[in-house]
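Note sheet for the following structure.
There are 2 protein chains.
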Amino acid sequence: MKLKRSARLVDMTRFLLEHPHRLVPLTHFSDRYGSAKSSISEDLGIIKESFEQQGAGSLITVPGAAGGVKYIPLSNEEEAAQIIADLSERLSKPERILPGGYLYMTDILGNPELMNKIGRLFSSVFADRSIDVVMTVATKGIPLAYAVATYLNVPVVIVRRDSRVTEGSTVSINYISGSSKRIQTMALARRSLEAGSRVLVIDDFMKAGGTIQGMVSLLEEFQATVAGIGVLVEAQGDIEERLVEEFVSLMSLSQVDVKEKKVTVEPGNYRHKADKLLKGETE
Amino acid sequence: MKLKRSARLVDMTRFLLEHPHRLVPLTHFSDRYGSAKSSISEDLGIIKESFEQQGAGSLITVPGAAGGVKYIPLSNEEEAAQIIADLSERLSKPERILPGGYLYMTDILGNPELMNKIGRLFSSVFADRSIDVVMTVATKGIPLAYAVATYLNVPVVIVRRDSRVTEGSTVSINYISGSSKRIQTMALARRSLEAGSRVLVIDDFMKAGGTIQGMVSLLEEFQATVAGIGVLVEAQGDIEERLVEEFVSLMSLSQVDVKEKKVTVEPGNYRHKADKLLKGETE
Numbered sequence: 001m002k003l004k005r006s007a008r009l010v011d012m013t014r015f016l017l018e019h020p021h022r023l024v025p026l027t028h029f030s031d032r033y034g035s036a037k038s039s040i041s042e043d044l045g046i047i048k049e050s051f052e053q054q055g056a057g058s059l060i061t062v063p064g065a066a067g068g069v070k071y072i073p074l075s076n077e078e079e080a081a082q083i084i085a086d087l088s089e090r091l092s093k094p095e096r097i098l099p100g101g102y103l104y105m106t107d108i109l110g111n112p113e114l115m116n117k118i119g120r121l122f123s124s125v126f127a128d129r130s131i132d133v134v135m136t137v138a139t140k141g142i143p144l145a146y147a148v149a150t151y152l153n154v155p156v157v158i159v160r161r162d163s164r165v166t167e168g169s170t171v172s173i174n175y176i177s178g179s180s181k182r183i184q185t186m187a188l189a190r191r192s193l194e195a196g197s198r199v200l201v202i203d204d205f206m207k208a209g210g211t212i213q214g215m216v217s218l219l220e221e222f223q224a225t226v227a228g229i230g231v232l233v234e235a236q237g238d239i240e241e242r243l244v245e246e247f248v249s250l251m252s253l254s255q256v257d258v259k260e261k262k263v264t265v266e267p268g269n270y271r272h273k274a275d276k277l278l279k280g281e282t283e
Numbered sequence: 001m002k003l004k005r006s007a008r009l010v011d012m013t014r015f016l017l018e019h020p021h022r023l024v025p026l027t028h029f030s031d032r033y034g035s036a037k038s039s040i041s042e043d044l045g046i047i048k049e050s051f052e053q054q055g056a057g058s059l060i061t062v063p064g065a066a067g068g069v070k071y072i073p074l075s076n077e078e079e080a081a082q083i084i085a086d087l088s089e090r091l092s093k094p095e096r097i098l099p100g101g102y103l104y105m106t107d108i109l110g111n112p113e114l115m116n117k118i119g120r121l122f123s124s125v126f127a128d129r130s131i132d133v134v135m136t137v138a139t140k141g142i143p144l145a146y147a148v149a150t151y152l153n154v155p156v157v158i159v160r161r162d163s164r165v166t167e168g169s170t171v172s173i174n175y176i177s178g179s180s181k182r183i184q185t186m187a188l189a190r191r192s193l194e195a196g197s198r199v200l201v202i203d204d205f206m207k208a209g210g211t212i213q214g215m216v217s218l219l220e221e222f223q224a225t226v227a228g229i230g231v232l233v234e235a236q237g238d239i240e241e242r243l244v245e246e247f248v249s250l251m252s253l254s255q256v257d258v259k260e261k262k263v264t265v266e267p268g269n270y271r272h273k274a275d276k277l278l279k280g281e282t283e
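Shown next as structure tokens:
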């Protein structure tokens, strides 16, 4: 069908947003709209300018016969600051405090709009790390892992504490939980991960880092590489030794005072890491 | 900032796609772009026409001071047929057959792009059911539940087979698994669901329906209402009695022949149900 520029802009914007990190040949659009490639190029220029001005991300044009256009979702500092402020407010509420000094986070993890925003943030900092797959451990990390993977356009693999008949053969390892020092088991379906994959590990919470260290060990069994680690909340205090050194955290939980009913949260290392990781990326 | 129509169209399209099922006052856009409401109305007309022509969904305009515009993602028949054909091909592959006649579906559930497409399909059929929350059971149903909830713009609650300290107090029930006739337990955090909520139950797989029936019983404990049930794959055959009557299924698995290495899948009742549910919805 032949479309006017205004209608093309709406439809192309939608297509690009729904297919991040994918190289789309210009012929895809020129065939779809019955338009000349030169018109499509102009349209893409308008979309690129809007995306960059409004902080949606970037459009990268790859020239040549095998070329096309690729949408890279990127969050700007303002958006990151807003999300961190929002999370600080939510996490500080004293009614989140559970017996034992745990923090109720189920509602936050159950909010798809928030998870998608945070997923976009993490996908931004790891946008140039050539991620092949996002990995997490059941259950609480799953929503965030999917959100990140959606924006990176890669599959998700889910490590489990048990193994299931519906997964086929699995590889399992034992690991030491960092905080409780107990031996635990985690398993991953053998066919879910190819050797050589570059893996982004995502989880909702990290204390000493035993669970994440476990995932890293599991990746070694699959001859896969850790290409990055992202956690929503890292916990401070009472940690003898952090098992994971290199990670990006959005929030940092320094104290849960059960008696005084006070939660102390701060921004994590996200902004610092984002600055480092993004340097040279968009240019 | 003052924007031209073309730039406004790109940015408004993005905003609407990222905020489905939300009433956005026109002043949100007129303030953001420094444009007259009449221009914004014209822009919305262009976006609405494109969305409807290209099968992205509908824009509903609510007049008056408390009014605005709402984007309702709706899949059309063509899109549903494509996804069903794609799933049929994927599911029929004999290498999916696991010992015991189970089917490996982990890669399908681990594909965010596919989950988002399927999520949009389910959100379409339940678009006018006034859903307050999407519920699923850990672990495999989670990705699809989030995808559906993203398009409906509602929270997700996750029922667990165990209860965790990080969930606070939970309500748990025993239920009989439909296929194995074993007694099982499922639990949901007490504060995760308000009384009176209208709940859409989503799961990846349903055989006799015991697990879903369990979720329905759990909802009764919370004085919540089942507003719909959607499953990705329903299994046929060898089922004495189906415990759940009213549900929407995308695929139907009629046979897994381990000896002949043959999987027989058919479209589920989706198209039939969608026709019924959507009648009167868009017009």
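Top line first, the protein sequences correspond to chains A and B. So the first sequence is numbered by UniProt numbering: it starts at 1 and just counts up by one. So the second sequence is numbered by UniProt numbering: it starts at 1 and just counts up by one. All C-beta atoms in this analysis are idealised placements derived from N, C-alpha and C, irrespective of residue type, glycine included. Since this is a predicted model, take the numbers as computed values, not measurements.
Taking its Cβ as the centre, do 16 or more other Cβ atoms sit within 10 Å of residue i, making it buried, or is it exposed?
i      : result
B:P99  : exposed
B:G280 : Reliability of the predicted coordinates at B:G280 is poor, the pLDDT of 46 falling under 50, and the value obtained from them is presented with this limitation in mind. By the 10 Å Cβ count, B:G280 comes out exposed.
B:I183 : exposed
B:N116 : buried
A:S35  : buried
A:A195 : exposed
B:V216 : buried
B:A224 : buried
B:P63  : exposed
A:D31  : exposed
B:P155 : buried
B:A85  : exposed
A:S192 : buried
B:G55  : exposed
A:S75  : buried
B:E95  : exposed
B:T139 : buried
Nearest to residue i by alpha carbon, out of the options?
i      : options                        : result
B:G57  : B:D11, B:V125, B:V24, B:L87    : B:V125
B:A66  : B:T170, B:Q53, B:T27           : B:T27
B:R271 : B:S252, B:V165, B:V258         : B:S252
A:E49  : B:T166, B:D11, B:E18           : B:D11
A:R190 : A:M206, A:G168, A:K181, A:S180 : A:G168
A:E234 : A:F247, A:L193, A:Q223         : A:F247
B:D257 : B:Q236, B:L250, B:K273, B:T106 : B:Q236
B:I47  : B:L9, B:S39, B:F122, B:S38     : B:L9
B:L44  : B:Q54, B:I158, B:N76, B:R5     : B:R5
B:L144 : B:A187, B:N111, B:V165         : B:N111
B:D132 : B:R22, B:T13, B:F15            : B:R22
A:L91  : A:K262, A:V165, A:M186, A:I239 : A:K262
A:F222 : A:K181, A:I239, A:S172         : A:S172
A:D275 : A:R161, A:F122, A:L103         : A:F122
A:V201 : A:E113, A:I83, A:L219          : A:L219
Within a Cβ cutoff of 8 angstroms, which residues of the same chain sit near residue i, ignoring the five residues on either side of it in sequence?
i      : result
A:L243 : G178, A208, G209, G210, I212, Q213
B:L16  : V24, I47, L59, V69, Y71
Step through the CB atoms of chain B and report whether any lies within less than 8 angstroms of the CB of residue i.
i      : result
A:I60  : no
A:L23  : no
A:V265 : no
A:I46  : yes
A:D107 : yes
A:P155 : yes
Between residue i and the rest of its own chain, which residues show a CB-CB distance below 6 angstroms, the 5 nearest in sequence each way excluded?
i      : result
A:S41  : none
A:P25  : G68
A:P20  : Y71, P73, Y151, N153
A:S130 : R198
B:A149 : V134, V156
I'd like to know if residue i contacts chain A, where contact means its C-beta is closer than 8 angstroms to some C-beta of that chain.
i                      : result
B:R182                 : no
B:Q82                  : no
B:T211                 : no
B:Y71                  : no
B:R129                 : no
residue 366 of chain B : The requested residue 366 of chain B does not occur in the structure, where chain B is confined to residues 1 to 283.
B:G100                 : yes
B:I142                 : yes
B:N269                 : no
B:V104                 : Note on identity: in this sequence residue 104 of chain B is Tyr, with Val being the wrong assignment. With 8 angstroms as the cut-off, B:Y104 counts as an interface residue toward chain A.
For residue i, collect the residues of the same chain with a Cβ closer than 7 angstroms to its Cβ; drop the 5 residues on either side in sequence, then sort them by chain order.
i      : result
A:D203 : T136, V137, G141, T211, I212, V231
B:E52  : S58
B:T264 : S254, Q255
B:T106 : none
Exercise. Taking only runs of the beta strand (DSSP E) that begin and end inside the UniProt domain "Phosphoribosyltransferase" (107-241) of chain B, which ones reach a length of at least 3 residues, in chain order?
Worked result: 133-137, 156-159, 170-176, 183-189, 198-206, 225-235
Exercise. Could you give the uninterrupted runs of the beta strand (DSSP E) lying entirely in the stretch 37-104 of chain B, keeping only those of 3 residues or more?
Worked result: 57-62, 68-73
For this session: Quick one: which residues of the stretch 158-172 of chain A get their C-beta closer than 8 angstroms to a C-beta of chain D? List them in chain order.
Result: This model lacks chain D altogether, as its protein chains are A and B.
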